[in-house]
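Numbering (the numbering used here), first residue to last: 769 to 923. We put the beta carbon where it would ideally sit given N, CA and C, even for glycine.
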Ligand code: FES
Ligand code: FES
């Protein structure tokens, strides 16, 4: 199978990756770049555990073909920290105990990052719950996750 090069900027670092035509962005992030914070769940766009930002928009990395990411900017959960410190949203997750097994957490953080980045006013609980509709958590019941996002969005 021939490989061809794509160019990405991942967490502010320009990179070149040789990919198979059918590889997904999820494959590139985990297998080629070793960014294991982006989790693989269903691989069919149902669970949201693979959510990353593609040019600032939340996407399921399992549904993006790697060639379609050529020339674009990706942020993964590893890119959220600031100078080695958890950012405000991550700290809010910690403060509110918004995780149990943690498998969904990176996807939740990336969806919430995109959501909060689009808000100009105070954030309401129903908006947060709607924003999380594509992210499944089998552990928490969502209450603490929603509280953490509300706190980060309204502080
Ligand atoms: S692994 Fe991508 S949505 Fe489930
Ligand atoms: S904390 Fe376990 S799946 Fe969400």
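By the 16-neighbour rule on beta-carbons within 10 angstroms, residue 807 is buried.
Counted as a single uninterrupted DSSP element, the beta strand (DSSP E) harbouring residue 786 occupies residues 781-787. In the structure shown, the three-state DSSP call for residue 778 is strand.
The C-beta distance from residue 843 to residue 820 rounds to 6 Å, short enough to fall under 8 Å.
Bounds of the beta strand (DSSP E) holding residue 820 are 819-822. By the Cβ-count criterion, residue 826 is buried, with 16 or more other Cβ atoms from all chains shown falling within 10 Å of its own Cβ. In the DSSP assignment, residue 922 falls within the alpha helix (DSSP H) that extends over 911-922. Comparing alpha-carbon positions, the option among 917, 784 and 770 lying closest to residue 856 turns out to be 917.
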